[in-house]
Amino acid sequence: MCKQVDKVEGGIRLGFIGIDDGATSLLAYIDCLVSPATDGSGFVFRAIRNGAMKDMEPPGEPRIMRSLLMALQKSIQIARV
Numbered sequence: 031m032c033k034q035v036d037k038v039e040g041g042i043r044l045g046f047i048g049i050d051d052g053a054t055s056l057l058a059y060i061d062c063l064v065s066p067a068t069d070g071s072g073f074v075f076r077a078i079r080n081g082a083m084k085d086m087e088p089p090g091e092p093r094i095m096r097s098l099l100m101a102l103q104k105s106i107q108i109a110r111v
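Here the sequence shown is numbered in my numbering, starting from 31 and rising by one per residue.
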């Protein structure tokens, strides 16, 4: 589950933790970064997964990423009005 959100340069970091026998461990984190496009076409969104489970899908990630994508799409619609 995503339990921590931190600000990083150019975006945010979503931290996914695991709880086993009362001890927590960082499974993975995803840096969600927004930067200007080089060709002037708009902004570029990147999500980069790192940590112990960087090659696997942490619990809850698909739902969180779908919600994030929907929020980005809605923001683009609002910005165009």
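Just so it is clear, CB atoms sit at the ideal spot from N, CA and C, and this is done for glycine as well.
Buried versus exposed call for Ile-60 [16 or more other C-beta atoms within 10 Å across all chains shown]: To locate residue 60, count along the sequence shown from 1; it is residue 30. Burial call: buried.
Ser-105 (DSSP reduced to helix, strand or coil): Locating residue 105 in the sequence shown gives position 75, counting from the first residue. Here Ser-105 sits in helix by DSSP.
Chain-order list of residues whose beta-carbon lies under 8 Å from that of Ser-65 (same chain, five-residue window excluded): Within the sequence shown, numbered from 1, the residue matching residue 65 stands at position 35. Counting only Cβ-Cβ distances below 8 Å, and skipping sequence neighbours, we find Gly-40, Phe-73, Val-74, Arg-76.
Reference Arg-43, options Leu-99, Leu-63, Gly-52, Asp-51, closest by Cα: Taking the sequence shown and counting its residues from 1, one reaches residue 43 at position 13. For the residues Leu-99, Leu-63, Gly-52, Asp-51, the minimum Cα distance to Arg-43 belongs to Leu-63.
For Ser-71, three-class secondary structure by DSSP: What you label residue 71 is simply residue 41 of the sequence shown in a count that begins at 1. Coil, per DSSP.
Secondary structure of Pro-66, DSSP reduced to three states: Taking the first residue of the sequence shown as 1, we reach residue 66 at position 36. DSSP places Pro-66 in strand when its eight states are reduced to three.
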